[in-house]
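First up is the structure itself, then whatever we jot down about it.
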Amino acid sequence: MQPQFKKEFIERYRKMTDWKEFREACTKRLKRSIRINTLKISPEKLIKRLEEKGYKLTQVQFYKEGFYVEGEKMDIGNLPEHTLGYFYVQEAASMIPPLILGPEKNEFILDMAAAPGSKTTQLSALMENTGIIVANDYKYQRLKPLEINLQRCGCKNVLVTISKGHKIKNMQFDKILLDAPCSGTGGIAKSLRTLEIYNTDMIKKLAIEQKRLILTAYSLLKPKGILVYSTCSIEPHEDEAVINHLLKNTDAKLENIEIKNLKSSEPVLEFENEIYSSEIKKCLRIWPQDNNTEGFFVAKIIKP
Ligand SMILES: C[S@@+](CC[C@H](N)C(=O)[O-])C[C@H]1O[C@@H](n2cnc3c(N)ncnc32)[C@H](O)[C@@H]1O
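Per this note's numbering, residue 506 is the first one in the sequence shown, and the count goes up by one each step.
Okay, here's the thing in structure tokens:
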């Protein structure tokens, strides 16, 4: 089915990017990708097993445990290796925020909006099951898939909490991931429903919540702590404007994000009569047409 773009959407995106390229990327089928769960198996062993079953895997160019599933056989989520937690079916761009957070062994980490756990399980693997990750989400029905994924992937360093993110208090974390609830406009190729429900009022409401969540997340960081803010939205109100709000209201600093072999685009520095701090250039804006992945926005924030 072809995506039906609303007039307001086309007008908005024409101003920000090459509309033709963007539209084309939204109509292409997204490449399927998996992240190998090193808590359970080595990449070499799993690749061998899957190739013996006729799957063709190619390296995600910017993540050593990430692989695209190419060729005829795509039904990878039904394999026993999936049930055993040897891999997680995860969109390639979604592997970036934990990579940028760079959790280290024995750290105390908050994953503020964690369900269904693709990034929590990735953080747990990067920490080799040490330290503590508080995996929080506020939707009760999303905790079940989160817990199933944590068990399946053998993550023993995770504590699950249910709370609205802005109500978390009296804690100080080394690092925080805020993979914020968003409109998902970076993932139109994955779900056309994003376009059906799209409207600018909804974007404004989401931005209010995102600003509230990022201020709380920042307040929960230890000095020298790191906060990564990410969305799979490419709406400036949900991305650059949220970071601009944080910079205006706190002493937060941004750090440049560079990822080898990943194409990214200039962040938006001016949108609908608002001019954002030039510091925001340090953030990562990935359009779906840049790498044939989902669109993503990632900011790396440091507390002085
Ligand atoms: C983009 S999804 C997170 C995806 C997850 N990080 C992953 O990689 O699998 C956003 C999540 O935020 C949760 N959420 C929405 N509003 C929230 C709030 N105020 N506080 C905490 N979580 C919230 C939603 O239930 C949803 O699970």
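Glycine residues also receive a C-beta, built at the ideal position from the N, C-alpha and C atoms.
Relative to ligand 1, the beta carbon of Lys644 is positioned inside 6 Å of a heavy atom. Judged by DSSP secondary structure, Tyr518 falls within the alpha helix (DSSP H) whose first and last residues are 512–521. Along the length of the stretch 530–567, whole beta strand (DSSP E) runs at least 3 residues long occupy 537–541, 561–564, reported in chain order. Taking C-alpha positions only, Leu759 is separated from Leu732 by approximately 10 Å. If you check the C-beta of Gly670 against ligand 1, you find a heavy atom less than 6 Å away. The C-beta distance from Leu711 to Cys687 rounds to 6 Å, short enough to fall under 8 Å. By the Cβ-count criterion, Pro809 is exposed, with fewer than 16 other Cβ atoms from all chains shown falling within 10 Å of its own Cβ.
About 18 Å separates the CB atoms of Cys658 and Lys569; that is not less than 8 Å, and the two are not in contact. For the pair Thr635 and Ile739, the Cα-to-Cα distance works out to about 34 Å.
One thing to note: Phe567 has its Cβ within 7 Å of the Cβ of Ile764.
By the Cβ-count criterion, Thr532 is exposed, with fewer than 16 other Cβ atoms from all chains shown falling within 10 Å of its own Cβ.
The DSSP-derived three-state label of Tyr703 is coil. Bounds of the alpha helix (DSSP H) holding Ile748 are 745–754. In the three-state scheme derived from DSSP, where H, G and I count as helix and E and B as strand, Ile739 is classed as coil.
If you keep only unbroken alpha helix (DSSP H) runs of at least 4 residues inside the stretch 554–639, you get 585–588, 601–606, 623–631.
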